[in-house]
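Okay, here's the thing in structure tokens:
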């Protein structure tokens, strides 16, 4: 397995800043906003404040992720930042329940701009798991949400759409953000994945003490009694491969699938979902080519 810090050092030597055009925003307002969201999300909304954000998901009754998001509080609004292609379906789902609460939900994508910054980190120690709460810094009209601090920094800057944009630099490094191993799913993956399959129990995305929410029984059962070993991992290779192909071991056994992939120079970086624990196989192949695992920025989770 490749060392994550070595892989990052190979590519990241200067700050990279670029817009996140693929991110949409849902705004939730009203006196019942937090009460409403507490019954719909995997994260503990009571821990949300102007100083800290959250990572979480909205699940179906079967525990499958409808969407997942980063969340922050701005004035009297709660903002959910998610893949833009999930905004319409997520709003439609939430509005079925919102009619019972004093709350309003709107597509606020055009009101905000999201900019991502990657920079070298001075942190040298990997944690067992990510904290539930994400640090927030406020500078005038800009909200800065820190998504990662080891082995490099990832920040999201949330500003009004009419504000001066951050100056773009080194946008070709944007694919490194996959190494945070804290994915936001897209529409094609909606209602196909359990939160644990993308390591949300390890990346601060699930509260097991908050109480009931839609899908909670399934998510809790998977955590405490589940037998599935499905989990998110990181992989890399060089050359063009068909990422729609199944991941295989040396004997042709199905080991999983590619979730998302980016290219930086000659290297492809992928988030993959494995069906087996990484100790259960010695080699991993995609489209007839052996690919290599990269260590996670947290301890590899075990589903059981």
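Residue numbers (our numbering): 1 to 304.
C-beta atoms are modelled at their ideal positions from N, C-alpha and C, and glycine is treated no differently.
Query raised in the report: Which residue from 171, 64 and 107 puts its Cα closest to that of residue 26?
Result: Comparing Cα-Cα distances from residue 26 to each of 171, 64 and 107, the minimum goes to 107.
Query raised in the report: Which residues does DSSP pair with residue 290 in a beta bridge?
Result: Beta-bridge partners of residue 290 (DSSP): 285.
Query raised in the report: Roughly how many angstroms separate the alpha carbons of residue 145 and residue 251, rounded to a whole number?
Result: If I take the Cα positions, the gap works out to 44 Å.
Requested in this report: Just grab the DSSP bridge partners of residue 116 for me.
Outcome: DSSP output for residue 116 lists 18 and 156 as bridge partner(s).
Query raised in the report: Using CA coordinates, which residue listed in 123, 70 and 205 is at the minimum distance from residue 79?
Result: The option with the nearest alpha carbon to residue 79 is 70.
**Report entry** Selected residue, minimal CA-CA separation from residue 77, among 22, 196 and 112
**Finding:** For residue 77, the nearest C-alpha among the options comes from 112.
Query - residue 99 (DSSP reduced to helix, strand or coil) - result: Reduced to three states, the DSSP call for residue 99 is coil.
Report task. Answer with buried or exposed for residue 138, where buried requires no fewer than 16 other C-beta atoms within 10 angstroms of its C-beta. Result -> By the beta-carbon neighbour count (other beta carbons within 10 angstroms, threshold 16), residue 138 is exposed.
Query raised in the report: Excluding the five sequence neighbours on either side, which residues of its own chain have a C-beta within less than 6 Å of the C-beta of residue 202, listed in chain order?
Result: For residue 202, where only same-chain residues beyond five positions count, the Cβ hits under 6 Å are 129, 298 and 301.
Query raised in the report: Is it right to say residue 311 is buried, meaning 16 or more other beta carbons lie within 10 angstroms of its own, or is it exposed?
Result: Given a span of 1 to 304 for the chain in the structure shown, any question on residue 311 remains unanswerable.
Report task. Closer than 7 Å by C-beta to residue 121: which residues in its own chain qualify, once you throw out the five before and the five after it? Chain order, please. Result -> Only 149, 150, 151, 152 and 153 meet the Cβ criterion.
Report task. Tell me, please, whether the segment 168-179 touches the segment 261-277 by the rule of three or more beta-carbon pairs shorter than 8 Å. Result -> In short, these stretches touch, since the Cβ pair count reaches three.
Requested in this report: Please determine, among 10, 209 and 34, the residue with the shortest C-alpha to C-alpha distance to residue 266.
Outcome: Measuring from the Cα of residue 266, the nearest candidate turns out to be 10.
Query raised in the report: Going by the CB atoms, is the gap between residue 134 and residue 53 shorter than 7 Å?
Result: It is a contact, given that the beta carbons lie within the stated cut-off.
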